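Take a look at the structure set out below.
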Amino acid sequence: MLKEKIHIGKVGNIDVKIEVLKLNPNKKPKIAIVTGIHGDETSGLIVIHRLLQRIHLFEGQLSILLFSNPLATIMERRVGLDFLDLNRILPGKEDGTITERIAWKLSEFLLEQDFVIDLHTFDIITPVMGIFMNVGSKNVRKINLEMLKAFSPDIVWNLKVKGKEKHFFNSLGPFLARRGIPNFAVEMNKIDLISDSEIEKIVEGILNVFRKLKLIPGESNSKSILVLDRKEIRSEKAGIFIPVEFPPKPIKKGHVIGVFIDTCNFSTHNVIANEDGILIQISPKKLVKTGDLIFSIGKKSNEWR
């Protein structure tokens, strides 16, 4: 594979750049896989390692963007020096802050692609989750769904950027979809939690997408997918949260999800689901503050077809 660099600028005497691994740089269609849009999300790297071991013949151009938010990666943080979230400011600004310039260069590169897969890591326990960009033209949304069926995640989050999730409007996936580039994102567990079976599921899913696109030999197997609207439940208190259930799992209103230890008086109480649905994410055992995300509930969506 060839290695290219997308040059952004400088911090002191340090060059700020995004490295791109390229396979078949002169072929079409153009496919890109993005990792590290948030600097503390690194599980995608082990997926890339396993994926490259499995690709022997590729009938197109494959670009893998490594450490797409390089300054945030250096600091092992979600965001970089200017505290802007790269995945909320697309397409960025050509003459903006350093993160806005990263967003601009990233946008320029990815708008030349025919399909994009964006790999993310969630900071709470999550099954392999695809994200459906429910925006853009009817044809783009159709392709997004077809590729998610080929990818076959455990669950699919129906991202509704025109409704309650409008804060994701300028995230990479919705931005690309609005500009006519089909894509989906993947959420997975942190690198210290992700299992070999989860890594294998993601790798095989991506390979099946490539088969669907006729980029590698073999027949693709598309499956039905569980598409859910996602609702976050945040802590009203500070203390220690201990999960007792794990996703994905159907739950009923009143179901005990976890136990909360109040660190002011060390009393305990149960954390209860306040509605029916599917438990799709949950915090690991940890000290939480008021407002921290402790679990997410999914409900079958009627707004994705």
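According to numbering that gives the first Met the number 0, the sequence shown is numbered sequentially starting from 0. Here a beta-carbon is modelled for each residue, glycine too, at the ideal position from N, C-alpha and C. Keep in mind the model is a prediction, meaning the values are calculated, not measured.
| query | From R53, F108, E93 and H254, pick the residue whose C-alpha is nearest to that of E18; which is it? | reply | Along the sequence shown, one-based indexing puts residue 18 at 19. Closest by alpha carbon: F108.
| said: I need the straight-line Cα distance from G257 to R229, nearest angstrom please. | reply: Along the sequence shown, read from residue 1 onward, the residue named residue 257 stands at position 258. Along the sequence shown, read from residue 1 onward, the residue named residue 229 stands at position 230. For G257 and R229, the distance between alpha carbons rounds to 19 Å.
| field | Segment limits, beta strand (DSSP E) that includes I293 | value | Within the sequence shown, the letter at position 294 stands for residue 293. Per DSSP, I293 belongs to the beta strand (DSSP E) from L292 to K299.
| query | So, helix, strand or coil for V10, using DSSP? | reply | As a position in the sequence shown, residue 10 is number 11, starting the count at 1. Here V10 sits in strand by DSSP.
| query | Hey, is the segment 59-66 in contact with the segment 31-44, meaning 3+ C-beta pairs nearer than 8 Å? | reply | yes
| query | With 16 other CB atoms within 10 Å as the buried threshold, where does G38 fall? | reply | Residue mapping note: residue 38 aligns to position 39 of the sequence shown, counting from 1. Flag for G38 reads buried.
| query | When you compare only the Cα positions, how much space is there between S295 and I271? | reply | The residue given as residue 295 occupies position 296 in the sequence shown. The residue given as residue 271 occupies position 272 in the sequence shown. Taking the straight line joining both Cα atoms gives about 12 Å.
| message | Here's the rule I'm using: 16 or more other beta-carbon atoms within 10 Å means buried, otherwise exposed. How should Q52 be labelled? | response | Here residue 52 refers to the residue found at position 53 when the sequence shown is read from its first residue. Burial call: exposed.
| said: Based on DSSP bridge pairs, tell me the residues matched to E228. | reply: For the purposes of this step, residue 228 is taken as the residue at position 229 of the sequence shown. The question names Glu, but residue 228 in the sequence shown is Asp. Answer is K298.
| query | What are the boundary residues of the beta strand (DSSP E) that includes K257? | reply | The sequence position of residue 257 within the sequence shown is 258, counting from 1. The question names Lys, but residue 257 in the sequence shown is Gly. Where G257 is concerned, the enclosing beta strand (DSSP E) stretches over V255 to D261.
| task | Give the DSSP-derived three-state secondary structure of H55 in the structure shown. | result | Translated into the one-based positions of the sequence shown, residue 55 becomes position 56. In this structure, H55 counts as coil in the three-state DSSP scheme.
| said: On a Cα-Cα basis, can you pick out the residue from I7, A237, G290 and F265 that is closest to I101? | reply: For the purposes of this step, residue 101 is identified with residue 102 of the sequence shown, where counting begins at 1. Ranking the options by Cα distance to I101, first place goes to I7.
| query | Cα-Cα, which of E3, L89, G79 and I241 is closest to L286? | reply | Along the sequence shown, read from residue 1 onward, the residue named residue 286 stands at position 287. Nearest option by C-alpha distance: I241.
| field | Residue from L278, Q112 and V46 with nearest C-alpha to N25 | value | The residue given as residue 25 occupies position 26 in the sequence shown. Ranking the options by Cα distance to N25, first place goes to Q112.
| Any C-beta of chain C sitting closer than 8 Å to the C-beta of S282? | Among the protein chains of the structure shown there is no chain C, as only one such chain exists.
| said: Since V15 and P69 should fall inside the 8 Å C-beta cutoff, what is the C-beta to C-beta distance between them, to a whole number of angstroms? | reply: Residue mapping note: residue 15 aligns to position 16 of the sequence shown, counting from 1. Residue mapping note: residue 69 aligns to position 70 of the sequence shown, counting from 1. The pair is a contact, with the Cβ atoms about 6 Å apart (cut-off 8 Å).
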